[in-house]
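Below is one structure, written out as structure tokens, with a few remarks after it.
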Amino acid sequence: MRPIAVAISAHGYGHLGQCVPVVRALQRRFPARRVVVLSEIPPAVLRDFLDESVELVPAPAHVSILMKDALRVDLEATSQAFLDWQNRYDEKVAAFASVLRSIEPALLLSNVDHTPLSAARSLGIPAFAMCSLNWADILESLFFDDANENLGADAEALTKVCHNIRAVYNSAEAFLRVSPGMGMQSLTNLHRVDVLAREGERYDLHKKLGVPEHHRLVLLSLGGIAQHLPLDRWTLPDDTHWIVPDNACVPADRSRMTPFNELNMKFIDVMTSVDILLTKPGYGSFCEAWRNQTSVLYVRRPRWAEEAALVDWIQRHAPAQEVSLEAFENGNINDAMMALLQRPATFSSLACGESEVLNHLAPYLV
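If you use our numbering, the sequence shown corresponds to residues 36 to 401, in order.
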């Protein structure tokens, strides 16, 4: 029986997080079919999200938004990367088609790179796109303002790139727009599905860390993209203990901070077990915090078009409070945390979208 191929963008880990509930649902509905994940994400990270029953295949390199750090896009490098990619698009499609040919999938699901969709179409393989964002709309928001005035890149060439990416999305069987997400009014095959978010297990981290019960546990994570964090200069709120990235600059006295890897736990379980997540607006961070009833502090990232929908959603469905970029970079979290703690600790009850996604895919798998 032919397998199911899932191509996952390596631009952070939110794309992977969206796919995990769908992969698990596919395995339950179609236990005789293998699920093969194609991604540039390191295998160790993929295994933190997916168990051994899912096959991992290295994917050919794919173009994506290039970042200076977790909050800032490298505009010049990103524009050049997409222009170069478009100039060699047939070659890139052929490389991905070669991988698909070796797998012979019954169906391809891409979150949300466009080249795998073109490769699947060239082989006659049904293909779906799925995500809360799409790269055409993200690129337009980065390089053009509301008056469609170019912000420094090659306007005509980038406009053509966006047009071509959007045409590929529209050629798929459907674009499954995961909620919350961008509007995507220019896609003609859009179908909205409910939230996709993993559920973790709750552990007693106070006991594991030897932290007093009245101390609030805070997980600092800006997603799968590195950020220099001089935590040795931060002023931490009283009665808090922080779980921080391993590459952060921590103070000599680490009694109030624990590097993440010292816990030897899955990320989703750590997030489920803390009181507060400090993060940037990202689909995985926001939706998984909501699903596991973890309050959210967030620092905005400039000119990221998906952000408005995510912030509106988290403000309506979970306790959440913004930290200004200046306060975050200076390590002054106290005011935002006090404001968060004054909010009602209530989380909305919402439907999840795995079954909706399967309803779209299943006719191609029976």
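Glycine residues also receive a C-beta, built at the ideal position from the N, C-alpha and C atoms.
Asked	Found
Option nearest L161 by Cα separation, candidates L143, D119, S167	Before going further, note that residue 161 is Pro rather than Leu in the sequence given. It is L143 whose Cα lies nearest to the Cα of P161.
Chain-order list of residues whose beta-carbon lies under 6 Å from that of F210 (same chain, five-residue window excluded)	A164, Y204, L222, N224, L225
CA-to-CA distance, S157 to S359, given in whole angstroms	47 Å
3-residue-minimum beta strand (DSSP E) runs that sit fully inside the region 67 to 100, ordered along the chain	70 to 74, 90 to 93
Segment contact flag, the region 292 to 312 with the region 247 to 261, C-beta cutoff 8 Å, min 3 pairs	yes
Three-state class that DSSP yields for R335 in the structure shown	coil
Check whether L91 and V55 have beta carbons under 8 Å apart	no
Per-residue burial, R233 [other beta carbons within 10 Å of its own, 16 or more giving buried]	buried
M217 beta carbon less than 8 Å from that of A340	yes
6 Å Cβ shell around H50 - same chain, five flanking residues per side excluded	I43, S44, N146
Presumed contact (8 Å Cβ cut-off) between I278 and L298, rounded CB distance	7 Å
Given E361 as reference, the closest of R336, P354, S384, L376 once Cα atoms are compared	R336
Which residues DSSP lists as bridging W277, in chain order	V253, M292
For V401, the three-state DSSP class (helix, strand or coil)	coil
Nearest candidate by alpha-carbon position, reference M1, set D125, A116, H276	No statement about residue 1 is possible, as the shown extent of the chain runs from 36 to 401 and does not include it.
Element boundaries [alpha helix (DSSP H), containing A132]	124 to 138
Residue from D229, S256, L152 with nearest C-alpha to S206	L152
Which of helix, strand or coil DSSP assigns to I200	helix
Touch test, the region 59 to 75 against the region 112 to 130, Cβ-Cβ under 8 Å, three pairs minimum	no
With 16 other Cβ atoms within 10 Å as the buried cut-off, status of M372	buried
Minimum length 3: unbroken beta strand (DSSP E) runs contained in the region 352 to 398	355 to 357
N- and C-terminal bounds of the alpha helix (DSSP H) containing M306	302 to 308
Alpha-carbon spacing of A182 relative to E236, whole angstroms	Confidence at A182 is low in this model, with a pLDDT of 47, below 50, so its placement is unreliable and the value that follows should be read with caution. Each residue's Cα considered, the two are about 47 Å apart.
Straight-line Cα distance separating G366 from L271	8 Å
Pair within 8 Å by beta-carbon distance, G317 and G388	no
Among P354, H395, E126, E391, nearest to S383 - alpha-carbon criterion	P354
Anticipated Cβ contact below 8 Å, D114 with L193, distance rounded	Note on residue identity: the sequence assigns Ser, not Asp, to residue 114. That belief holds up - the Cβ atoms of S114 and L193 are roughly 6 Å apart, short of 8 Å.
A40 in three-state terms, based on DSSP	strand
Under 8 Å between C-beta atoms of L174 and L110	no
S167 classed as buried or exposed, judged by whether at least 16 other C-beta atoms fall within 10 angstroms	buried
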